[in-house]
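Structure, as C-alpha coordinates:
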Amino acid sequence: HKLTIKSVYEPFALASITLKAPKDELTYEQYLAQYSNVADYNGAAIEIEGEDAWIKSTNSLVSKADNSSSYVTPNSPVTSKLNYIGNTNWQVPGETLTWKISVPQDGMYSLGLNFKQSYIIDGFTYRSLAIDNVIPFEECKNLRFDYGSSWEFKKLGDENPYKFYLTKGVHTVSLTVTLGETAEFYSRLSAITEVIGDTYMDIVMITG
(Lines of atoms letter the chains of each structure in order from A and count residues from 1; the text may use other names and numbers.)
(Lines give C-alpha, C1' and ligand atoms only; values in the text may rest on other atoms or scores of the structure.)
Protein backbone atom coordinates (compact mmCIF):
# COMPACT_ATOMS: atom_id res chain seq x y z
CA HIS A 1 0.00 0.00 0.00
CA LYS A 2 1.09 3.58 -0.54
CA LEU A 3 0.20 6.40 1.86
CA THR A 4 0.66 9.97 0.63
CA ILE A 5 0.56 13.15 2.69
CA LYS A 6 0.69 16.36 0.69
CA SER A 7 1.75 19.68 2.18
CA VAL A 8 -0.72 22.33 1.04
CA TYR A 9 0.24 25.23 3.31
CA GLU A 10 1.80 25.91 6.69
CA PRO A 11 4.79 23.87 7.89
CA PHE A 12 4.51 20.91 10.24
CA ALA A 13 6.76 18.20 11.66
CA LEU A 14 5.92 14.49 11.40
CA ALA A 15 7.56 12.08 13.86
CA SER A 16 5.81 8.81 13.01
CA ILE A 17 2.82 7.12 11.41
CA THR A 18 1.04 4.24 13.16
CA LEU A 19 -1.43 1.76 11.69
CA LYS A 20 -3.47 -0.12 14.28
CA ALA A 21 -6.84 -1.75 14.81
CA PRO A 22 -9.64 0.73 15.55
CA LYS A 23 -10.79 0.86 19.14
CA ASP A 24 -14.39 -0.02 19.89
CA GLU A 25 -15.83 2.68 22.12
CA LEU A 26 -17.64 1.66 25.27
CA THR A 27 -21.24 2.65 25.81
CA TYR A 28 -21.92 4.74 28.90
CA GLU A 29 -23.42 1.75 30.70
CA GLN A 30 -20.29 -0.33 30.03
CA TYR A 31 -18.05 2.55 31.11
CA LEU A 32 -20.01 3.08 34.33
CA ALA A 33 -19.91 -0.63 35.15
CA GLN A 34 -16.12 -0.49 35.25
CA TYR A 35 -16.25 1.95 38.16
CA SER A 36 -19.23 0.62 40.09
CA ASN A 37 -17.17 0.51 43.28
CA VAL A 38 -15.86 4.07 43.02
CA ALA A 39 -17.53 6.70 45.21
CA ASP A 40 -18.99 9.93 43.82
CA TYR A 41 -17.10 13.14 44.53
CA ASN A 42 -19.13 15.19 47.02
CA GLY A 43 -16.83 18.13 47.67
CA ALA A 44 -17.06 21.74 46.54
CA ALA A 45 -17.63 22.40 42.84
CA ILE A 46 -14.48 22.93 40.78
CA GLU A 47 -14.91 25.84 38.37
CA ILE A 48 -12.81 26.53 35.28
CA GLU A 49 -13.13 29.76 33.30
CA GLY A 50 -13.83 29.08 29.63
CA GLU A 51 -11.58 31.92 28.50
CA ASP A 52 -8.61 30.25 30.23
CA ALA A 53 -8.22 27.52 27.61
CA TRP A 54 -4.81 25.88 27.84
CA ILE A 55 -4.53 24.75 24.20
CA LYS A 56 -6.34 26.08 21.11
CA SER A 57 -6.19 24.27 17.78
CA THR A 58 -6.26 27.56 15.88
CA ASN A 59 -5.22 31.12 16.71
CA SER A 60 -8.69 32.43 15.80
CA LEU A 61 -10.07 30.97 19.04
CA VAL A 62 -9.56 34.02 21.21
CA SER A 63 -11.10 35.02 24.53
CA LYS A 64 -13.96 37.53 24.35
CA ALA A 65 -16.09 39.72 26.59
CA ASP A 66 -19.85 39.59 27.21
CA ASN A 67 -21.17 42.18 29.65
CA SER A 68 -24.84 41.59 28.85
CA SER A 69 -25.32 39.04 31.61
CA SER A 70 -24.20 38.67 35.20
CA TYR A 71 -24.45 34.92 34.66
CA VAL A 72 -21.01 34.99 33.01
CA THR A 73 -17.92 35.42 35.17
CA PRO A 74 -15.91 37.49 35.69
CA ASN A 75 -18.18 40.46 35.02
CA SER A 76 -18.29 44.15 35.75
CA PRO A 77 -20.92 46.87 35.18
CA VAL A 78 -18.30 49.42 34.14
CA THR A 79 -15.46 47.60 32.39
CA SER A 80 -15.24 44.91 29.72
CA LYS A 81 -13.72 41.69 31.00
CA LEU A 82 -12.73 38.62 29.04
CA ASN A 83 -15.15 35.99 30.27
CA TYR A 84 -15.85 33.45 27.50
CA ILE A 85 -14.35 31.83 24.43
CA GLY A 86 -15.77 30.57 21.17
CA ASN A 87 -18.75 32.06 19.33
CA THR A 88 -18.89 32.02 15.52
CA ASN A 89 -15.12 31.49 15.26
CA TRP A 90 -15.51 28.04 16.82
CA GLN A 91 -17.59 26.27 14.19
CA VAL A 92 -15.28 24.38 11.83
CA PRO A 93 -15.25 20.60 12.43
CA GLY A 94 -12.02 19.59 14.12
CA GLU A 95 -11.41 22.87 15.95
CA THR A 96 -10.56 22.03 19.55
CA LEU A 97 -10.27 23.81 22.87
CA THR A 98 -8.50 22.15 25.81
CA TRP A 99 -8.53 23.09 29.49
CA LYS A 100 -6.51 21.88 32.45
CA ILE A 101 -8.36 20.79 35.57
CA SER A 102 -7.02 19.74 38.96
CA VAL A 103 -9.15 17.41 41.09
CA PRO A 104 -8.53 16.83 44.82
CA GLN A 105 -9.29 13.10 45.03
CA ASP A 106 -10.11 9.95 43.09
CA GLY A 107 -13.80 9.63 42.33
CA MET A 108 -16.71 9.94 39.93
CA TYR A 109 -17.31 13.49 38.74
CA SER A 110 -20.12 15.07 36.72
CA LEU A 111 -19.34 17.79 34.20
CA GLY A 112 -21.45 20.88 33.53
CA LEU A 113 -21.04 23.74 31.09
CA ASN A 114 -22.24 27.33 31.15
CA PHE A 115 -22.93 27.98 27.46
CA LYS A 116 -24.97 29.94 24.92
CA GLN A 117 -25.95 28.59 21.52
CA SER A 118 -27.88 31.48 19.95
CA TYR A 119 -26.45 31.20 16.46
CA ILE A 120 -28.37 28.33 14.83
CA ILE A 121 -31.96 29.42 15.44
CA ASP A 122 -34.22 26.55 16.49
CA GLY A 123 -31.33 24.22 15.69
CA PHE A 124 -28.45 22.66 17.56
CA THR A 125 -24.69 22.16 17.47
CA TYR A 126 -22.47 19.27 18.52
CA ARG A 127 -19.19 18.91 20.38
CA SER A 128 -17.17 15.81 21.21
CA LEU A 129 -15.58 15.45 24.63
CA ALA A 130 -12.17 13.97 25.43
CA ILE A 131 -10.53 13.63 28.83
CA ASP A 132 -6.75 13.25 28.77
CA ASN A 133 -7.00 12.91 24.97
CA VAL A 134 -9.36 9.92 25.21
CA ILE A 135 -13.09 9.87 24.49
CA PRO A 136 -14.47 8.13 27.61
CA PHE A 137 -17.49 6.47 25.97
CA GLU A 138 -19.57 6.48 22.81
CA GLU A 139 -22.07 9.12 23.92
CA CYS A 140 -19.27 11.68 24.32
CA LYS A 141 -18.73 11.76 20.56
CA ASN A 142 -21.90 13.74 19.88
CA LEU A 143 -22.86 16.06 22.73
CA ARG A 144 -25.79 18.17 21.60
CA PHE A 145 -26.37 21.82 22.52
CA ASP A 146 -29.79 23.23 21.67
CA TYR A 147 -30.68 26.77 20.67
CA GLY A 148 -31.23 29.38 23.36
CA SER A 149 -31.12 33.16 23.38
CA SER A 150 -29.32 33.45 26.72
CA TRP A 151 -26.65 31.76 28.77
CA GLU A 152 -27.65 28.50 30.44
CA PHE A 153 -26.06 25.77 32.52
CA LYS A 154 -26.12 22.20 31.25
CA LYS A 155 -24.89 19.03 32.90
CA LEU A 156 -23.67 16.53 30.33
CA GLY A 157 -26.20 13.73 30.28
CA ASP A 158 -29.07 16.12 31.10
CA GLU A 159 -31.61 14.53 33.51
CA ASN A 160 -29.20 11.66 34.32
CA PRO A 161 -25.80 13.38 34.34
CA TYR A 162 -22.86 11.36 33.11
CA LYS A 163 -20.25 10.42 35.68
CA PHE A 164 -16.56 10.48 34.77
CA TYR A 165 -13.83 8.70 36.68
CA LEU A 166 -10.92 10.98 37.53
CA THR A 167 -7.86 10.28 39.63
CA LYS A 168 -6.41 12.86 41.99
CA GLY A 169 -4.25 15.37 40.12
CA VAL A 170 -4.25 17.31 36.87
CA HIS A 171 -6.27 16.27 33.82
CA THR A 172 -7.15 17.79 30.46
CA VAL A 173 -10.68 18.30 29.15
CA SER A 174 -11.16 18.94 25.42
CA LEU A 175 -14.18 19.93 23.33
CA THR A 176 -14.03 19.53 19.56
CA VAL A 177 -16.44 20.79 16.92
CA THR A 178 -18.19 17.89 15.21
CA LEU A 179 -21.12 17.54 12.85
CA GLY A 180 -22.61 14.86 15.07
CA GLU A 181 -25.80 13.30 13.76
CA THR A 182 -25.90 15.80 10.87
CA ALA A 183 -22.67 14.45 9.32
CA GLU A 184 -24.53 12.03 7.03
CA PHE A 185 -26.83 14.77 5.73
CA TYR A 186 -23.92 17.15 5.26
CA SER A 187 -22.08 14.53 3.22
CA ARG A 188 -25.12 13.85 1.03
CA LEU A 189 -25.76 17.57 0.46
CA SER A 190 -22.10 18.13 -0.42
CA ALA A 191 -22.29 15.36 -3.02
CA ILE A 192 -25.47 16.84 -4.50
CA THR A 193 -23.92 20.31 -4.59
CA GLU A 194 -20.85 18.94 -6.35
CA VAL A 195 -23.00 17.30 -9.05
CA ILE A 196 -24.98 20.52 -9.53
CA GLY A 197 -21.74 22.48 -9.82
CA ASP A 198 -20.33 20.09 -12.43
CA THR A 199 -23.60 20.23 -14.39
CA TYR A 200 -23.51 24.03 -14.34
CA MET A 201 -19.97 24.03 -15.68
CA ASP A 202 -21.02 21.63 -18.47
CA ILE A 203 -23.90 23.97 -19.39
CA VAL A 204 -21.60 27.00 -19.45
CA MET A 205 -19.06 25.13 -21.57
CA ILE A 206 -21.68 24.00 -24.12
CA THR A 207 -23.62 27.25 -24.34
CA GLY A 208 -20.46 29.32 -24.34
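Per the numbering used here: the sequence shown = residues 1 to 208. C-beta atoms are modelled at their ideal positions from N, C-alpha and C, and glycine is treated no differently. Fair warning: this is a prediction, and the values are worked out from it, not measured in the lab.
Sorting Tyr-84, Ile-120, Lys-100 by C-alpha distance to the C-alpha of Gly-169 places Lys-100 at the top. In this structure, the beta-carbon distance from Glu-138 to Leu-32 does not fall below 8 angstroms. Only residues of its own chain outside the window of five on either side were considered, and among them Glu-95, Thr-96 have a CB closer than 6 angstroms to the CB of Ser-57, listed in chain order. Ala-53 counts as buried, since no fewer than 16 other beta carbons sit within 10 angstroms of its beta carbon. Nearest to Glu-29 by alpha-carbon distance, out of Ser-190, Pro-136, Ser-149, Tyr-200, is Pro-136. Leu-166 sits in a strand when the DSSP states are folded into three classes. DSSP, read as helix, strand or coil, puts Thr-178 in strand. Pairing Leu-14 with Val-103 gives a Cβ-Cβ distance that is not under 8 angstroms. A direct Cα-Cα distance of roughly 4 angstroms separates Thr-98 from Ser-174.
For Tyr-41, the three-state secondary structure derived from DSSP is coil.
In terms of Cβ geometry, Gly-148 and Gln-117 form a close pair [threshold 8 angstroms].
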